[in-house]
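I have placed the structure first, in the form of structure tokens, so that the comments after it can refer back to it.
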Amino acid sequence: MPVLHSASRQLLASALLWCVCQLGMAQTAAPVAMVSLDQTLTPYLIQYKLPALAAAVVQNGRIVGAGAVGTRKVGSGIPVTVNDRFHIGSDTKAFTATLAGILVDRGAMAWTTTVGEVFPELAPKMDPGFRSITIRELLSHTSGIPADNAEFMDVLAKSVFEEGNLDDLRYWAVQQWMSKPLQAQPGQRFAYSNMGYTIAGAMIERVARKSWEELINEWIFDPMELKTAGLGSQAQIGRVDAALGHVMVGEDTAKAFMAGPGDDNPQIIGPAGLAHMSVLDFARWAGWNAGEGKRGPDLLKPGTLKLLHAAVIDMPSVQNPAPGTPAAGKYALGWVVVKMDWAPQPLVFHGGSNQKNLAHIWFSAEKDFAMVVVTNIASSGANDALFAVAEKLYKQFAP
């Protein structure tokens, strides 16, 4: 092998570096410029008197527009950014349905797997109707378990004094609920039930032999690289390092909630609504769903992902529902299929709120289009604001 002199080695190294750079440029698609939505969002922030407002739009899996305006904590002057964590409430339900889908794809359970089959040691003591509920019925709110009521709140209150890890507490919740008669026969009637999703989470935990918290991190957040995604309070205790949740005190005054016992849902109902993430990561999740298998990561078979998005049951129309709670449409598995007067085709949607934050997620698989809108206050005005922003963004960006 010939020996190269220093100058020759430097020339060869430069040539190789140029070739590597050119190859990398050839293999990397040209980045799509991301439009700032700040000017679009500001009028809504002012009109609806929101502490903060953020949104992002996805076309063909690429975030093409994003913005964040307002403050993390009312009166603080600390501006929000597109990287700030926002709580997404019941939009977490789609993640829980995805975990169930992963288990189905792996052959560990079926959509017809029942509560009694997953917990055979409890089955003899279960109400017969409860014992026959399937995972699909829990995820579509057709289990016959009633919508959140006083008995549900009582279970949540008692759970604070129970010992054990969160999967232990969900198993305890199954025990507390299993002898109660159903409101309707499984599969017959829609009733939006956070207890139902908590029981679904317990079934997933038993089959997977890990806690729901471990599974959502290991099976979804990590492979999708949702680096801001987490569970529970979006801010650290004692710090204003995220968009804090707010409530209205009187007609014109918003009160911020620092991280602590009163700023979020009880952790036991995590499968029903405990996730948080930035608007950018939320948009990545929305865009992945809109692709329905066109893009990685391959968490689910394309057919399974489409099944999650497919309508299962008509939802009765509700006048003035609580923010984050579906008002009408057809419920799927963690999603709602809705028809809006500003969109020519039905859209897949969900709203989420822990009563201090509000988040809406929308997508169309037909158009491979998605959008997310979030705010750090939960009120009827905030709900109106998010729908208004969604209409604006759809008309501006949908293909």
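Positions in the sequence shown are counted from 1; adding 337 to them yields my numbering.
Glycine included, every Cβ here is placed at the ideal spot set by N, Cα and C.
- In the DSSP assignment, the residues bridged to V395 are I400 and A707.
- Scanning G689, N694 and G666 for the CA closest to the CA of P683 turns up G666.
- Taking C-beta atoms as the reference points, G582 and N713 count as a pair closer than 9 Å.
- From the listed residues L645, F432 and K592, the smallest Cα separation to L387 is found for K592.
- Taking D442 as the centre and dropping the five residues before and after it, the same chain places the C-beta of L637, K638 and T641 closer than 7 Å to its C-beta, in chain order.
- DSSP lists Y668 and F686 as the beta-bridge partner residues of V673.
- In the structure shown, H478 adopts coil according to DSSP, grouped into three states.
- For G426, there is no enclosing alpha helix (DSSP H); the residue is found in the beta strand (DSSP E) stretching over R422 to G426.
- Measuring C-alpha to C-alpha distances from D618 to each of T408, S373, I425 and A389 identifies I425 as the nearest.
- Put simply, of R526, I650, W622 and V711 the residue whose alpha carbon is nearest the alpha carbon of A484 is R526.
- Nearest C-alpha to S427 among V685, F558, K676 and P663: P663.
- Fewer than three pairs of CB atoms, one per stretch, sit closer than 8 Å, so the segment 380 to 395 makes no contact with the segment 543 to 557.
- If you draw a straight line from the Cα of H646 to the Cα of G524, it comes to about 17 Å.
- Residue A612 holds the alpha-carbon nearest to the alpha-carbon of R422 among P560, A612, A431 and K495.
- Going by beta carbons, V497 and P608 fall outside the 9 Å limit.
- Comparing alpha-carbon positions, the option among R468, D375, G624 and G466 lying closest to E703 turns out to be G624.
- For the pair M446 and M561, the CB atoms are not nearer than the 9 Å cut-off.
- Under the three-state reduction of DSSP output, T429 falls in the helix class.
- Per DSSP, W448 has no beta-bridge partner at all.
- Rounded to the nearest whole angstrom, the C-alpha separation of M585 and I383 is 16 Å.
- Residue pairing from DSSP places I698 in a beta bridge opposite H687 and V709.
- Residue state for V584 is assigned as strand, using DSSP reduced to three classes.
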